[in-house]
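The sequence shown begins at 2 in the numbering used here and counts up by one.
By construction, the Cβ of each residue, glycine as well, lies at the ideal position given by its N, Cα and C atoms.
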Amino acid sequence: MKRRHFLSTGLLATTPQWVTAEQTPPEIPPASPPNRIGVSSYSFWGFRRDELRDIPLCLDHAARMGFDGFEILQRQLTQTDNASLQKIKRHAFLNGLDLMGYSTHQGFLSPKKEGRQKNIDHTIECIEQAYALGIPTMRVNSGTWGTSKSFDELMERRGIEPPLEGYTEEDAFGWVIDAYETILPVAEKCGVVMGLENHWGLGVTPEGVQRVIKAVDSPWLQATLDTGNFLEDPYDRLAQLAPDAVLLQAKTYFGGGVWYTLDLDYPRIAKILRDAGFKGYVSLEFEGKENPLTAIPKSLDMLRKAFA
Numbered sequence: 002m003k004r005r006h007f008l009s010t011g012l013l014a015t016t017p018q019w020v021t022a023e024q025t026p027p028e029i030p031p032a033s034p035p036n037r038i039g040v041s042s043y044s045f046w047g048f049r050r051d052e053l054r055d056i057p058l059c060l061d062h063a064a065r066m067g068f069d070g071f072e073i074l075q076r077q078l079t080q081t082d083n084a085s086l087q088k089i090k091r092h093a094f095l096n097g098l099d100l101m102g103y104s105t106h107q108g109f110l111s112p113k114k115e116g117r118q119k120n121i122d123h124t125i126e127c128i129e130q131a132y133a134l135g136i137p138t139m140r141v142n143s144g145t146w147g148t149s150k151s152f153d154e155l156m157e158r159r160g161i162e163p164p165l166e167g168y169t170e171e172d173a174f175g176w177v178i179d180a181y182e183t184i185l186p187v188a189e190k191c192g193v194v195m196g197l198e199n200h201w202g203l204g205v206t207p208e209g210v211q212r213v214i215k216a217v218d219s220p221w222l223q224a225t226l227d228t229g230n231f232l233e234d235p236y237d238r239l240a241q242l243a244p245d246a247v248l249l250q251a252k253t254y255f256g257g258g259v260w261y262t263l264d265l266d267y268p269r270i271a272k273i274l275r276d277a278g279f280k281g282y283v284s285l286e287f288e289g290k291e292n293p294l295t296a297i298p299k300s301l302d303m304l305r306k307a308f309a
């Protein structure tokens, strides 16, 4: 048998018969990997545990516990100069953790223009800090009226408070929308997606959050969805806001909550987010009274199972 004839017949004999010009390989369904799970530094510190305030220490704990990512609470930082931020970024990288969220505070519910401008300036500074850290999304708020004497009183009111005398929510929506339209070019330049949280103030309802997002009308302002901030009808409200979510903050309350405790069905919440096409990070915010070093690993196990 000549060599050329052998090669041609031999190759034909070993080629799978289903691979022909007329046929295509069977379709493979798209993969649906589980959501990655991160933890907020707030889960460790909680504004009250000074021994767990240090961000590098929290990063070490998060890596040891098996998290994929880490969200930084901006108020937890003791220094925000660039050298300090780069040390944190390096520490996270060496621990194999994504820095995936930056949780900030600001408020625009004030008739005083200089007060709103101060918060605009602060938010821009925070965006630039997130950029320096390589963080792609930043939690932002509308703020509250400040007519409650304390946060404890605000929680007693279920997050609802009356406007300042002589003003209405219509005034407040205008202030908030104007503020984020001013901030927007910096977020776009830095590549940091702002996530307006369903928090207190105008964010106490999904309609309030969506009103601001739709008015600003930019991919650089979306929603940070917090599972613990809809105190009534949480599942319907989470479903309403889920299509706008770029980050999910997942509350747990082992040992009982500090201000309240919600019995949240996380498999149900995971399905809501999955049905909305959410593929992003789930960030744990532990808000219970148990020792976080024992409660956070239990929370991670619960979220891994729910978002598998």
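By a C-beta neighbour count over all protein chains shown, 10 Å radius and 16 as the cutoff for buried, is residue 245 buried or exposed?
buried
With three or more C-beta pairs closer than 8 Å as the rule, is the segment 141-160 touching the segment 193-210?
yes
Rounded separation between residue 251 and residue 263 - CA only:
11 Å
To which residues of the same chain is residue 278 closer than 8 Å at the C-beta, ignoring the five residues directly before and after it?
244
What are the uninterrupted segments assigned as beta strand (DSSP E) that are 3 or more residues long and contained completely in the segment 140-200, given in chain order?
194-198
C-beta contact flag for residue 199 and residue 242 at 8 Å
Remark: C-beta atoms of residue 199 and residue 242 approach each other more closely than 8 Å.
Does any CB atom of chain B fall closer than 8 Å to the CB of residue 177?
Annotation note: the requested chain B is absent from the structure, which comprises a single protein chain.
With 16 other Cβ atoms within 10 Å as the buried cut-off, status of residue 288:
buried
Which residue's Cα is closest to the Cα of residue 282: 257, 80, 308?
308
In angstroms with no decimal places, state the Cα-to-Cα distance between residue 134 and residue 86.
6 Å
Cutting at 7 Å between CB atoms, please list the residues of its own chain near residue 187, excluding the five before and the five after it.
125, 128
Let me make sure I understand the geometry here. Which of 268, 169, 152, 73 has the alpha-carbon closest to that of residue 286?
73
In or out: residue 48 buried (at least 16 other Cβ within 10 Å) or exposed?
By the 10 Å Cβ count, residue 48 comes out exposed.
Could you tell me the distance, in whole angstroms, from the CA atom of residue 140 to the CA atom of residue 183?
17 Å
Going by C-alpha distance, which of 293, 131, 303, 143 is nearest residue 120?
143
For residue 247, which of helix, strand or coil comes out of DSSP?
strand
Contacts around residue 299, its chain only, beta-carbon distance under 7 Å, and the 5 residues preceding and following it disregarded:
255
Quick one, which of 33, 37, 29, 192 has its alpha-carbon nearest residue 248's?
37
Please tell me whether residue 29 and residue 42 are closer than 8 Å, where the distance is taken between their beta carbons.
no
Stretch pair the segment 86-103 + the segment 53-72: three plus CB contacts closer than 8 Å
Contact between the segment 86-103 and the segment 53-72 is present, because at least three Cβ pairs lie under 8 Å.
Reference residue 136; option with closest CA among 178, 151, 192:
Considering only alpha carbons, the answer is 192.
Quick one: residues in its chain with C-beta nearer than 8 Å to the C-beta of residue 46, no 5 flanking neighbours on either side, listed in chain order?
Excluding sequence neighbours, residue 46 sits near 53, 54, 59, 74, 77.
Just confirm the distance between the C-beta atoms of residue 213 and residue 197, as a whole number of angstroms; I'd bet it's less than 8 Å.
6 Å
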